[in-house]
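Residue numbers (the numbering used here), protein chains in the order written: chain A, 8 to 408; chain B, 28 to 119.
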């Protein structure tokens, strides 16, 4: 009976071995990841070894699952060039023998010396990102839904979401997006917590009355998820700062309380091509939509001009059911998560009207306006002077006092 | 008869109702009928030249009448006309 070492030596005589330099040269020419005519590089080590580091562009098929999974990784074309590697070149030699002799692959090689020799030569490896054990536990319910899963959770952890306002809509959005693991939450709000806010603004608390809302929200966010990075902007959003603040964010959550700033936000988001999840509330009714620049309508396509001040009461003046911004802010949060993960269909091109008293949901179509003064043009053509301006701007602002 | 859905800001002009029945063969006639039943809505819906105010969106069922035939869009029995002014309420 041959020893294990003898068997491997004999098998190596029956297969082709390639030097790491050959594989490295293939990759340097952009031919090493199975695209086009290049070979497929397959890592046959165990999961934990692959997760620690692997060759750039390598696909992972552990040797124990070789026969059942190789077609999924390489395809059914038996003539395709396949280069296998492991830690030192032994397991990959055995795997190459299997592919060649038992599965009929015609052009198989094993990389001599494995990833150990590869690293000794000073070639780069890819260190894949993985969740920490604590994150695996925290986000386990996300990992179980295929629409989110590990990939979606990683996207959430990488995402930067800007909340305009830490009030009625921004509070629930801040808490749930933090819980969901959105990596960076920016908050713009220049207000301080007031007792009358606490009927609906759940990111704040009784003992933080008088505290700036950005600081109060940060405390609540970190209580639910200390991993979230909070960027605070205790300023009033205006034409002078909106581009600078919004740039670099992936999604903006609009909970603004006035029309001039909503138009300003729209124009900035179109220029920066950042999707905006918009909601507004009054009394017992809420509206929700997503304005995804150049993929759907913008705010100006829906509302070319704001109503006169007497038809545009604010919540401060007209009141609001405290739970309503909770409902709308969470509907916004769901849209944010879909935009970040790519799951499902967003509200882009649709407007949802929610009537809490009648419990009715009405959905209306929103079309892109081919003559829209903003989103019918190239972002580079929109000037600073046009931002946030609308036809009766002067009269509106005078009327609103 | 068509059903007109009245937005919160206009309800005080129609006696607090959320929905009003109105008749007419096109959107213009239906809204004119609303204005004759509730005169206060006239200036909120129509500008002096008789066109819809630009800040008022009107939908026939779920479609914006601007992409249909505007005020000339024909209305059938049982249709719903939604009047929708922009709302800005949010953070405060």
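For glycine and all other residues, C-beta sits at the position ideal for the given N, C-alpha and C.
Query	Result
Cβ separation of residue 175 of chain A and residue 259 of chain A, assumed to be a contact under 8 Å, to the nearest whole Å	Going by Cβ atoms, the distance from residue 175 of chain A to residue 259 of chain A rounds to 17 Å, so no, they are not a contact pair.
Contact belief for residue 301 of chain A with residue 382 of chain A at Cβ below 8 Å, rounded distance in angstroms	7 Å
Short-range partners of chain B found in the stretch 279-292 of chain A, where Cβ spacing is below 7 Å	287, 288, 289, 290 and 292
The stretch 20-33 of chain A / the stretch 108-119 of chain A touching (three or more Cβ pairs under 8 Å)	yes
Which residues DSSP lists as bridging residue 294 of chain A, in chain order	A:287 and A:360
Straight-line gap, residue 361 of chain A to residue 242 of chain A (C-alpha atoms, nearest Å)	31 Å
Contact set for residue 303 of chain A: own chain, Cβ-Cβ below 6 Å, skip 5 residues either direction	355 and 356
Cutoff 9 Å: residue 394 of chain A Cβ touching any chain B Cβ	no
Ranges of the alpha helix (DSSP H) found wholly within the stretch 50-113 of chain A, counting only runs of at least 4	54-59, 73-81 and 98-108
Min CB distance residue 179 of chain A to chain B below 9 Å	no
Closest Cα partner of residue 96 of chain A within the set A:80, A:16 and A:139	A:16
Chain B contact residues for residue 311 of chain A, given Cβ-Cβ distances below 7 Å	81
Contact set between residue 90 of chain B and chain A, taken where Cβ atoms lie within less than 9 Å	371, 372 and 374
Three-state secondary structure assigned by DSSP to residue 335 of chain A	helix
At least three beta-carbon pairs within less than 8 Å, the stretch 279-294 of chain A to the stretch 185-204 of chain A	no
C-alpha distance - residue 82 of chain A paired with residue 66 of chain A, whole-angstrom precision	12 Å
Separation of residue 101 of chain A from residue 111 of chain A, as counted between CA atoms	14 Å
At least 3 beta-carbon pairs within less than 8 Å: the stretch 261-281 of chain A vs the stretch 167-181 of chain A	yes
Coil, strand or helix - residue 86 of chain B by DSSP	strand
With 16 other Cβ atoms within 10 Å as the buried cut-off, status of residue 225 of chain A	buried
Residue-chain proximity (residue 109 of chain B, chain A), Cβ-Cβ < 9 Å	yes
Status (buried if at least 16 other CB within 10 Å, exposed otherwise) for residue 11 of chain A	exposed
Runs of alpha helix (DSSP H) lying entirely within the stretch 228-286 of chain A, each at least 4 residues, in chain order	249-253 and 266-279
Neighbour list for residue 94 of chain B in chain C, Cβ cutoff strictly below 7 Å	The structure shown contains no chain C; its protein chains are A and B.
Bridge partners - residue 371 of chain A, DSSP secondary structure assignment	A:358
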